[in-house]
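**Q** Structure incoming, see below.
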Amino acid sequence: MIKVCRNNLRGCRDEQRKPKYSVGQAKAQATPMPEDMRIAYLTVQESVVNEGESQRRSGLHTEGFAYLPFEAGKQECVRERVWEPWGYGDALHGEFTGGIFMASDVDDSTHVYNCRVPEILVGAGGDVEHLRPILNEIMPLSAEARYEDGAGDTIGSAHLIEGGVQRVLWPISLQAEQLFWMTDHTPHESRPLEKGQHRCYFRLVTGRVGAWFAAHSTPNPLGTQPNARIITHDKFTGKPPPAKGDFKEEASAAAAA
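The numbers in this note's numbering rise by one with no breaks, and the one at position 50 of the sequence shown is 41.
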């Protein structure tokens, strides 16, 4: 599936892969990439998911957040609210900047809601489950997949009804190998699978990340460091990483067992 995502990022159709400018024109049109977008963050997860369970995080949430999950209910005494970006993302007149690309190889396993949640309404760790009743009022219809042409390629804007300017009145249900772009303010959720099966998940965050969690991430094997604040403690429990000696004790205990 990684090859599919790579091709989608380039543009699936051959005519989309053709450069718009000659080399000289491209240099003239080139805009220097901002420093905070020079490093992207890749997530790939492959696993067998049981029937009725979701592979990734369930419940409505955004990728950006103002508080960590373990800080839930402690906001006033922990620290002042500061938005931790996870890709940001802007779309204006068909031009996309930053944001998050997401895909999987299982139909209907991710739902995305066409809206941008104000930061003040986002809970700990990006939780927006409390907004579900409101979102259901705004988008009262059942989730639907994006429109496709005869070749199976998606057509039109994901947030608009085909052939018009009216916004969709339902959550967008991502289909297998569809690469989807969103902002870090966009509510979405990993859905329970109707049957147990293997699932491959892909996510690319295009820089502008406020915090990188060492306890939940894999360091770059080439030594490239995150262009973000590095947090070493567990983002769910708040516990610091175990000391080196603790690893030996745990290993010994496991061996004895």
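Heads up, the beta-carbon is just placed ideally off N, CA and C, and yes, glycines get one too.
Does the segment 53 to 61 come close enough to the segment 174 to 193 that 3 or more CB-CB pairs lie under 8 Å?
**A** Yes: at least three Cβ pairs fall under 8 Å.
**Q** Three Cβ pairs or more, each shorter than 8 Å: is that satisfied between the segment 156 to 164 and the segment 122 to 135?
**A** Contact holds: three or more Cβ-Cβ distances are below 8 Å.
**Q** Roughly how many angstroms lie between the CA atoms of D140 and S100, to the nearest whole one?
**A** Taking the straight line from one Cα to the other gives about 21 Å.
**Q** Considering only C-alpha positions, which residue in the set G114, A206, H121 and F87 is nearest to G229?
**A** Among G114, A206, H121 and F87, the Cα nearest to that of G229 is on A206.
**Q** Relative to the C-alpha of R107, which residue among A115, L126 and G116 is closest?
**A** The shortest Cα separation from R107 among A115, L126 and G116 belongs to L126.
**Q** To the nearest angstrom, how far is the alpha carbon of P233 from that of T223?
**A** Going by the C-alpha atoms only, they are around 10 Å apart.
**Q** How big is the Cα-Cα spacing for E258 and A115?
**A** Residue 258 falls outside the range modelled here, since the chain spans only -8 to 248, and no answer is possible.
**Q** Let me confirm a value: T209 is counted as buried when at least 16 other C-beta atoms fall within 10 Å, else exposed. Which label applies?
**A** Classification for T209: exposed.
**Q** Label T215 either buried or exposed according to how many other C-beta atoms from any shown protein chain fall within 10 Å of its C-beta, with 16 as the threshold for buried.
**A** Classification of T215: exposed, given that the 10 Å Cβ count is below 16.
**Q** Would T197 and G50 qualify as a contact pair, given that the criterion is a beta-carbon distance under 9 Å?
**A** It is not a contact, given that the beta carbons lie outside the stated cut-off.
**Q** For E110, which three-state DSSP category applies?
**A** Helix at E110.
**Q** Specify the secondary structure class of R199 as computed by DSSP and reduced to three states.
**A** Coil, per DSSP.
**Q** For V156, count the other beta carbons within 10 Å of its own beta carbon; 16 or more makes it buried, fewer makes it exposed. Which is it?
**A** V156 should be labelled exposed.
**Q** If you compare alpha carbons, which of R29, I129, M173 and P183 is closest to V39?
**A** Residue P183 is the option with its Cα nearest to V39.
**Q** For H189, which residues of its own chain have a beta-carbon under 6 Å away from its beta-carbon, when the five flanking residues on both sides are left out?
**A** Here the set comprises V39.
**Q** Buried or exposed for D96, please, with buried defined as at least 16 other CB atoms from any protein chain shown within 10 angstroms of its CB.
**A** That one is buried.
**Q** Can you name the start and end residues of the beta strand (DSSP E) that L126 belongs to?
**A** Counting along the chain, L126 falls outside any beta strand (DSSP E), though it belongs to the alpha helix (DSSP H) covering R123 to I129.
**Q** Quick check on F171: buried or exposed, where buried means 16 or more other Cβ atoms within 10 Å of its Cβ?
**A** Buried, because 16 or more other Cβ atoms sit within 10 Å of the Cβ of F171.
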